[in-house]
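Engineer: Protein chains in written order, with this note's numbering: chain A, 45 to 333; chain F, 3 to 192; chain P, 448 to 607; chain G, 26 to 684.
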Amino acid sequence: MKYAYYPGCSLHSTGIEYDMSSQLVAGKLGVELKEIPDWNCCGASAGHTTNHLLGLALPARNLAIAEKEGLDVMAPCASCYNRMKTSEVAVKSSQETKARVAEVTEMEYEGKVGVKSALEVFVKDAGLDTIKSLTVKNLGGMKIAAYYGCLLVRPVGIGFDDPENPMTMDDMVTALGGEAVDWPFKTECCGASLPTAREKVGLKLVYDILTIAQSVGAEAVVTACPLCFMNLDMRQNDLNKKVDNANFHLPIFYFTELMAIAFGEKPAKAGVGKHFVDTSSVLAKYNLK
Amino acid sequence: MQPINLTSASAAGKDFVEKVRKASGVDVKACYQCGKCSAGCPVAFAMDYTPRQVMRMLQLGLTEEVLKSHSIWLCAQCETCSARCPRKLEPAKVMEALRIEAKKAGFETEDEIATFNEKFLRSVASNGRVFEAGLVIGFNLATVRPFKDAGVAPSMLANGKLKLLPHKIKGRDAVRRMFEKAEKMEGEHK
Amino acid sequence: MSLNTEALPKSQEVTASPEAAPQPWEPRIVGFACNWCTYAGADLAGLSRLQYPPSIRLIRVPCSGRVNPQFVIRAFQRGADGVLVAGCHPGDCHYSTGNYFTRRRFLLMQRLLEYMGMDPRRFQARWISGSEGPKFQQTVTQMTEDIKALGPNRKMRDVE
Amino acid sequence: MRRVGVFVCHCGSNIAGTVDVERVAKEACKFPNVVFATDYKYMCSEPGQQVIKDAIKEHNLDRVVVASCSPRMHEPTFRRCLESAGMNPYLFEMANIREHCSWVHPDKEKGTVKAIDLVRKAAAKVVKDEPLQKSSIGITKRALVIGGGIAGIQVALDIADAGFPVTIVEKEPTIGGRMAQIDKTFPTLDCSACILTPKMVDASQHPNIEILSYSEVEKVEGYVGNFNITIRKKARSVDMSKCTGCGTCWEKCPTKVDSEFDMGLGKRKAIYTPFPQAVPNKPVIDRIHCTKFKNGKCGICQKFCPTGAVDFEQQDELITEKYGAIVVSTGFNQFDHSVYGEYGYGKYPDVITGLHFERLINASGPTMGKIKRPSDHKIPETVVFVKCVGSRDEAKGKSYCSRTCCMYTAKHATLVHEKIPGSKSYIFYMDVRTPGKGYEEFYKRTAEEYEAQYIRGRVSKIYQKGDKLMVRGEDSLIGRPVEIEADMVVLANAMVAREDAGDLARTLGISYDKDNFFTEAHPKLRPVETHTAGVFLAGACQGPKDIPDSVAQAGAAASKAIGLLSKTQMESDAIVSNVDESRCSGCMICKGICPYKAIDAKIITERIGGKMAERQVAEVNKSLCQGCGACTVACRAGCLNLLGFTNEQILAEVEAVCL
Ligand SMILES: Cc1cc2nc3c(=O)[nH]c(=O)nc-3n(C[C@H](O)[C@H](O)[C@H](O)COP(=O)(O)OP(=O)(O)OC[C@H]3O[C@@H](n4cnc5c(N)ncnc54)[C@H](O)[C@@H]3O)c2cc1C
Ligand SMILES: Cc1cc2nc3c(=O)[nH]c(=O)nc-3n(C[C@H](O)[C@H](O)[C@H](O)COP(=O)(O)OP(=O)(O)OC[C@H]3O[C@@H](n4cnc5c(N)ncnc54)[C@H](O)[C@@H]3O)c2cc1C
Ligand code: SF4
Ligand code: SF4
Ligand code: SF4
Ligand code: SF4
Ligand code: SF4
Ligand code: SF4
Ligand code: SF4
Ligand code: SF4
């Protein structure tokens, strides 16, 4: 298995743990990742809500580069994945769009290669049996809420999992020996860049998600997106200061971190030391240090 | 409250509805105002008009009010509305189209979000990628909140999460050209 | 299926009434009308005294689906300047599906005629319901105008 | 040489005012085969008809043309006239020189020319007319009703009261249908059982009604008046002739199963009747769950049965019977809301459907009429109703409105208010549709006196939070998102067709719409007939319907069936399609075209080169053919012809008007 790897801006900065753990997991699963040479930012939501064509062209340039190498792209970030998927579908379904995009990018993207999320590659394609067989450190029944965020499963009909109650990450948690708690906010939006741009609005969304996760007894939340991760992890401190009675200490993990740990890697090697919310006690509780 | 003159509003709004349809693929006339989009929208509580109301205002031809609304900027593009609309409409795409139109018309009702987006894109245009530290600092300076999020910066730096210098890609000129071309072509297209 | 037309007097002969000045050319349109909708629509036009050019001769059929393309060809061969096939609106067919066949069949028919060099305006398929007297009137009027502009059909007329 | 007579009518001045009728008659004399032509003031009047009859005799006419008004008006009149003159009534054509000529062409000269053309056309056709006969067949004076819900019961009672034997085929162990599950009925709130069970008993005791419960229609052959129906009587494992319905067996049976009748909220035994007032009140064994059938042990019911009625060896039985008419009344199902992920994919126990609610509120239901939520049997204080679930939702369900749910939701909210003091109901709706007598008033009372809070908006998400259900909607009238912490949520699921409706439709040869509801012959004017002669529709199988509408339609369907069965002979029109067997190649393309399934293959034996050989050809069933003529055009060999509108006749008309 070989993929063109699209880390996106976040995995080289705020989401560095995701990058580190993804590389580890890929190695364990025998997935070869080749970073797209000289890739550019996908534009995120700022791109397509400012200029529709630009929103399609920015990801298309990366896809075009990958196409030259004949490789499908793996994009761990949900937002990058969503933008690339949108671009892929748009180019595949309209000759006119394809031509316009090509004109902007000055590169040919034929739609011969497509994008997959890391969750798809590492869990769905690899298979739960492989994951189970690689697991050497069982998560010991840790209660984990799988949080997918909004974009990973949308647009409806194109995604790889159910849009309202996705299960890929839950199944992974179970395969690793954890307990995936059933909870209703798996796909509620965390606000993306709103907590930065419009703090009050954004924080409420984060607050709701954390509250529900806590109320169902989750000891940790697992995500598959650097933006979700940052909002849930970095904003807990903020919330505790700004919201009455808020007292969150809910460890947030990337799913790849949990996989790496269960596959026997040292947590630090997977980047787990870099979180804002302390992870050591929950890891200690389940002998995962 | 002033009554709305629907005779003139509907006439004027017709072309705009068509424009939105072309840009977003959504025929707002098909919206039957059920409100499911608004009910599921995570930011509707902060909006001045709920997504359903935005659809309604377009139907009635209240173009300017819509373009001046905060809602189109607050929309997080989460696509929850699109996923659940019983009429298979995609309000998220309408929001996108409206934001682009608003920007063209010079209505940027939500300064902070507009500024954030602009800084974000400027970063991409000049480096090819987002320079997060620069973005956050630039954004906070621009919105006169220099110390917002400053508390987290040291630990992020220490963890290698914030780089002090932007990563510039080789193809950044190509990226810059993409910005220019896209702007020109979208301008002509509509 | 051939008919000995020799025995029939030519209509030109019988119509030339002694005192009438030579009349300007009037197109001759053969109309196939389904009994339930268009024939009734034409009846309604009559009951409402809606005037239209005396160019059309309606042949009553149970359903527009009964109209064999052969009938149309024969009409053109015998010198009809236009042919109208009209029946119930799609979905309203008295026999539930007949007019769907008509629709498909006459689309093909139209293309065939065009291929044979016939102006497509000479052959029309229309949906006219039993309550659409005015539509019947307008259809005949319009078709007559169109064909007047085209002149007589010489293309497929049997060589005599 | 034919002898054609032409009669030109003045219609007072209606025709004669703008058409020179005398000249028309004179010209007509010159047409080939025309031996007589005349004009008269009022052709349809008594003396007018006498003119025709006299001329027939005097001139020995064998074909008649009347040039007057539309055949849609007086064709039958003149056909009768010919008949009374001893002629075959189909040797007749009309030229419509009034509606299509005198009334629309004021120019007398042009009008007259056209009138002459029209008469020539009729004369050319009439020469090709052949004597036609209406065919007639006998009728089996019995009706079959498929589906024994309220609609089917009503149909059966009405037909039986008119004196005809009726068989009800019901696939469940009892008749009663959905109405038996319902507690009270809007808009009067009378108890469903109180008005339904007497009807069920009436049906079971009616000398003309036979109930075949636990049975299904397997095969339908024949046609209107004479259907041959094969019915599968599924093995009940109980000998109906011995069983007295004493109930010992189901008391003793140790195997408990979720009750379908109670929507899984209560239990039944493996040997059971669905509910105490079942008709027939005799049990069946559910072989899937019965221990005896699963592993050969048990047999308790058989041991205790005082009459020895339990028969584990019983087999399905196939019977074939003849019927003259069929009424289909197979009702509806509830939409399955497990496609709504945002409402929990049907996995929250306290998010229930309307029918669940009916069982909860029913005094003989699993909770003895106490509204208790399924998860923990607590009495809910806040109940949220969500309307249009699966209805008016193209994305997940059906595009149509289910018509009954606005009303039954109002009913449910009323009952919540009556049964749980201090409770509060919220109803999410998009529109409130109450188009029935007393319906709007009922809804108003629900909102005003029974304090149900109506909120205009579709719910976007329902989720469990602790022991509450959070319901998120928008109050679209004020334009703000709202959230309710509910104890129980009741969804008004769409009414959808039975899952086997398509199969049954194919068995019966009737059509069904995109949603699998059976299609009526005409949406306004033939609402209880189907395109297949002799098959009628009643109740919710044709589309969502409440009880008053189902019963009304049942009455209408019964009267249609009675109308059919009352005839001694059935006459079918003479205008039917005819196969020229000598030329038919047996390709059967025509079969697929006929909307009435009137064409079938048959094998003929003929002598080819001195040897007898068998060959397939098409055959038109004259009682089923409605004379549309579609098949005639489909046949490439041109060997199908529509009598009365043959290719030769129409071509003669074409030639005659093209001169
Ligand atoms: C929650 C709810 C509440 C309602 N409340 C009211 C109310 O208060 N007032 C009101 O007027 N209406 C009410 N209705 C509507 C009412 O239920 C229907 O109008 C009525 O039941 C329709 O009757 P039916 O005989 O057409 O169909 P059904 O009641 O569905 O009966 C059909 C019968 O046919 C049988 N059957 C199905 N398929 C076959 C087959 N292939 N072969 C043999 N038998 C077959 C079934 O087993 C069943 O017995 C309510 C509906 C719901 C869902
Ligand atoms: C504006 C409008 C538009 C409509 N459009 C539609 C539509 O598009 N589709 C649709 O399905 N329905 C439509 N309807 C409804 C439709 O008109 C009725 O359903 C239908 O006419 C009812 O038929 P009826 O025979 O019961 O009553 P009516 O049509 O009222 O006929 C009753 C007859 O009884 C006669 N009569 C009254 N009293 C006596 C007496 N004492 N003695 C003797 N004779 C008497 C009357 O003169 C009349 O001829 C419409 C109604 C309206 C008002
Ligand atoms: S969900 Fe769809 S139909 Fe309903 S209000 Fe929103 S856009 Fe309109
Ligand atoms: S895409 Fe925008 S409008 Fe739609 S639900 Fe998300 S935030 Fe609301
Ligand atoms: S037959 Fe027709 S045209 Fe003649 S008098 Fe009677 S109604 Fe009038
Ligand atoms: S015990 Fe026997 S007689 Fe009594 S109900 Fe059961 S089967 Fe019938
Ligand atoms: S044999 Fe079956 S039906 Fe009879 S008592 Fe046992 S389990 Fe019940
Ligand atoms: S009857 Fe009412 S609840 Fe039912 S589908 Fe129609 S509008 Fe919705
Ligand atoms: S289409 Fe013609 S040839 Fe074929 S089976 Fe029918 S009648 Fe015979
Ligand atoms: S004329 Fe029409 S109804 Fe009769 S057999 Fe042919 S297709 Fe069927």
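Ideal placement from N, C-alpha and C gives every residue a C-beta, glycine not left out.
On a CA-only basis, which of G:Leu665, G:Ile587, G:Tyr239 and G:Glu276 is nearest Cys619 of chain G? Give me that one, please.
Structural biologist: In the fourth sequence, counting from the first residue as 1, residue 619 of chain G sits at position 594. Closest by alpha carbon: G:Leu665.
Engineer: Taking a cut-off of 7 Å, which residues have a beta-carbon closer than that to any heavy atom of ligand 7, in chain order?
Structural biologist: Here the list is G:Cys274, G:Lys277, G:Cys278, G:Pro279, G:Thr280, G:Lys294, G:Ala295, G:Ile296, G:Ile310, G:Cys315, G:Thr316, G:Lys317, G:Phe318, G:Cys323, G:Gly324, G:Ile325, G:Cys326, G:Gln327 and G:Val335.
Engineer: Under a Cβ-count criterion, where at least 16 other Cβ atoms within 10 Å of its own Cβ denotes burial, should Lys372 of chain G be classed as buried or exposed?
Structural biologist: In the fourth sequence, residue 372 of chain G corresponds to position 347, counting from 1. When all chains shown are included, Lys372 of chain G counts as exposed.
Engineer: Leaving out the 5 sequence neighbours to the left and right, which residues in its chain are closer than 7 Å to Gly85 of chain G when beta-carbon positions are compared?
Structural biologist: Looking up residue 85 of chain G in the fourth sequence gives position 60. The question names Gly, yet the displayed sequence has Asn at residue 85 of chain G. So the qualifying residues of the chain are Arg28.
Engineer: Please list, in chain order, the residues of the region 182-199 of chain G that have any C-beta partner in chain F closer than 8 Å.
Structural biologist: Here the close residues number zero.
Engineer: Beta strand (DSSP E) containing Asp283 of chain G: first to last residue?
Structural biologist: In the fourth sequence, the residue the question calls residue 283 of chain G occupies position 258. It spans Lys281 to Asp283 - the beta strand (DSSP E) in which Asp283 of chain G sits, taken as one unbroken run.
Engineer: So does Met513 of chain G have its beta carbon nearer than 7 Å to some heavy atom of ligand 4?
Structural biologist: To locate residue 513 of chain G, count along the fourth sequence from 1; it is residue 488. No, since every heavy atom of ligand 4 falls outside the 7 Å radius drawn around the Cβ of Met513 of chain G.
Engineer: Output needed for Arg531 of chain G: all residues of its chain with C-beta closer than 7 Å, excluding positions within five of it in sequence on either side, in chain order.
Structural biologist: Here residue 531 of chain G refers to the residue found at position 506 of the fourth sequence. Excluding positions up to five away in sequence, the list is empty.
Engineer: To test your reading of the DSSP string, which unbroken beta strand (DSSP E) runs of 3 or more residues are found completely within the region 643-668 of chain G?
Structural biologist: For the region 643-668 of chain G, whole beta strand (DSSP E) runs of length 3 or above, ordered along the chain, are 665-667.
Engineer: Please confirm whether Asp214 of chain A has its beta-carbon closer than 8 Å to some beta-carbon of chain G.
Structural biologist: The count along the first sequence starts at 1 and reaches residue 214 of chain A at position 170. Not closer than 8 Å to any Cβ of chain G, the Cβ of Asp214 of chain A fails to qualify, so no.
Engineer: Quick one: Cα of Asn331 of chain A to Cα of Val69 of chain A, how far?
Structural biologist: Looking up residue 331 of chain A in the first sequence gives position 287. Looking up residue 69 of chain A in the first sequence gives position 25. So the alpha carbons of these two residues sit roughly 20 Å apart.
Engineer: Any Cβ of chain G within less than 8 Å of the Cβ of Pro88 of chain F?
Structural biologist: As a working note, residue 88 of chain F is residue 86 in the second sequence. Chain G contact via Cβ: present.
Engineer: Report the CB separation of Tyr354 of chain A from Tyr298 of chain A in whole angstroms; it is logged as a contact under 8 Å.
Structural biologist: The requested residue 354 of chain A does not occur in the structure, where chain A is confined to residues 45 to 333.
Engineer: Quick check on this structure: which residue in G:Ala677, G:Asp361 and G:Lys469 has the alpha carbon closest to the alpha carbon of Ala422 of chain G?
Structural biologist: Counted from its first residue, the fourth sequence places residue 422 of chain G at position 397. The question names Ala, but residue 422 of chain G in the sequence shown is Gly. With distances taken between Cα atoms, Gly422 of chain G lies closest to G:Asp361.
Engineer: Quick check: what's the CA-CA separation for Val353 of chain G versus Val31 of chain G?
Structural biologist: What you label residue 353 of chain G is simply residue 328 of the fourth sequence in a count that begins at 1. What you label residue 31 of chain G is simply residue 6 of the fourth sequence in a count that begins at 1. Each residue's Cα considered, the two are about 50 Å apart.
Engineer: Using DSSP with H/G/I as helix, E/B as strand and the rest coil, what is Ala454 of chain P?
Structural biologist: Mapped onto the third sequence, residue 454 of chain P falls at position 7. With a pLDDT of 41 at Ala454 of chain P, under the threshold of 50, the modelled position of this residue cannot be trusted, and the question is left open.
Engineer: So is Asp175 of chain F buried or exposed if we call it buried at 16+ other beta carbons inside 10 Å?
Structural biologist: What you label residue 175 of chain F is simply residue 173 of the second sequence in a count that begins at 1. Asp175 of chain F should be labelled exposed.
Engineer: Anything in the region 30-49 of chain F with a Cβ closer than 8 Å to a Cβ of chain A? List those residues in chain order, please.
Structural biologist: So the list reads Pro44, Val45, Phe47 and Ala48, given in the order they occur along the chain.
Engineer: Step through the CB atoms of chain F and report whether any lies within less than 8 Å of the CB of Pro228 of chain A.
Structural biologist: Numbered from its first residue, the first sequence carries residue 228 of chain A at position 184. It does not; no Cβ of chain F falls within 8 Å.
Engineer: Cβ of Ala420 of chain G within 7 Å of any heavy atom in ligand 8?
Structural biologist: By 1-based counting over the fourth sequence, the position of residue 420 of chain G is 395. Answer for Ala420 of chain G: no, Cβ out of range of ligand 8.
Engineer: Among all the DSSP beta bridges, which residues are the ones paired with Phe61 of chain G?
Structural biologist: Sequence index remark: in the fourth sequence, residue 61 of chain G carries index 36 (1-based). BP columns for Phe61 of chain G point to G:Gly30.
Engineer: If the criterion is Cβ atoms closer than 8 Å, does the pair Arg145 of chain G and Phe56 of chain G meet it?
Structural biologist: What you label residue 145 of chain G is simply residue 120 of the fourth sequence in a count that begins at 1. What you label residue 56 of chain G is simply residue 31 of the fourth sequence in a count that begins at 1. Closer than 8 Å, so yes.
Engineer: Please classify His547 of chain G: does DSSP put it in a helix, a strand, or coil?
Structural biologist: Reading the fourth sequence from its first residue, position 522 is the one you call residue 547 of chain G. Three-state result, His547 of chain G: strand.
Engineer: Once the 5 residues before and after Glu195 of chain G are set aside, which same chain residues still bring their CB inside 6 Å of it?
Structural biologist: As a first step, residue 195 of chain G must be located in the fourth sequence, where it is residue number 170. Result list for Glu195 of chain G: Gly173 and Ser238, in chain order.
Engineer: Hey, which unbroken runs of the beta strand (DSSP E) at 3 residues or more fall wholly within the region 51-99 of chain G?
Structural biologist: Here the runs fully enclosed are 59-65 and 88-93.
Engineer: Are the Cβ atoms of His319 of chain A and Asp282 of chain A separated by less than 8 Å?
Structural biologist: Residue 319 of chain A sits at position 275 when you count from the first residue of the first sequence. Residue 282 of chain A sits at position 238 when you count from the first residue of the first sequence. No; because the gap between Cβ atoms is not below 8 Å, this pair is not in contact.
Engineer: Find the residues of chain G that neighbour Arg54 of chain F, judging by a C-beta separation of less than 7 Å, and give them in chain order.
Structural biologist: By 1-based counting over the second sequence, the position of residue 54 of chain F is 52. Those are Glu499 and Ser501, listed as they occur along chain G.
Engineer: Whose Cβ in chain F lies nearer than 8 Å to the Cβ of Val484 of chain G?
Structural biologist: Along the fourth sequence, read from residue 1 onward, the residue named residue 484 of chain G stands at position 459. Within 8 Å Cβ-Cβ: Lys38 and Ala41.
Engineer: CB-CB under 8 Å to Gln690 of chain G, same chain, minus the five flanking residues each way: which ones, in chain order?
Structural biologist: No information on residue 690 of chain G is available, as it lies outside the stretch 26 to 684 that chain G covers here.
Engineer: Does the beta carbon of Glu208 of chain A sit closer than 8 Å to a beta carbon anywhere in chain G?
Structural biologist: The sequence position of residue 208 of chain A within the first sequence is 164, counting from 1. Cβ-Cβ to chain G under 8 Å: yes for Glu208 of chain A.
Engineer: For Lys549 of chain G, verify whether its CB is less than 7 Å away from any heavy atom of ligand 2.
Structural biologist: By one-based count along the fourth sequence, residue 549 of chain G stands at place 524. True, at least one ligand heavy atom lies under 7 Å from that Cβ.
Engineer: Have a look at Leu183 of chain A and Lys310 of chain A and give me their C-alpha separation to the nearest angstrom.
Structural biologist: Start at 1 with the first residue of the first sequence, and residue 183 of chain A comes out as number 139. Start at 1 with the first residue of the first sequence, and residue 310 of chain A comes out as number 266. Roughly 14 Å separates the two Cα atoms.
Engineer: Could you tell me if the beta carbon of Cys540 of chain P falls within a distance shorter than 7 Å of some heavy atom in ligand 6?
Structural biologist: In the third sequence, residue 540 of chain P corresponds to position 93, counting from 1. No, Cβ of Cys540 of chain P sits at least 7 Å from all heavy atoms of ligand 6.
Engineer: Name, going along the chain, the residues of the region 237-258 of chain A whose beta-carbon falls closer than 8 Å to a beta-carbon of chain G.
Structural biologist: If the cut-off is 8 Å between Cβ atoms, the region 237-258 of chain A has Ile256 near chain G.
Engineer: Does the Cβ of Gly235 of chain A have 16 or more other Cβ atoms within 10 Å, making it buried, or fewer, making it exposed?
Structural biologist: The residue given as residue 235 of chain A occupies position 191 in the first sequence. That one is buried.
Engineer: Cα-Cα, which of P:Cys540, P:Glu561, P:Trp472 and P:Met556 is closest to Pro500 of chain P?
Structural biologist: Your numbering for residue 500 of chain P matches position 53 in the third sequence. When each option's Cα is compared against that of Pro500 of chain P, the closest is P:Trp472.
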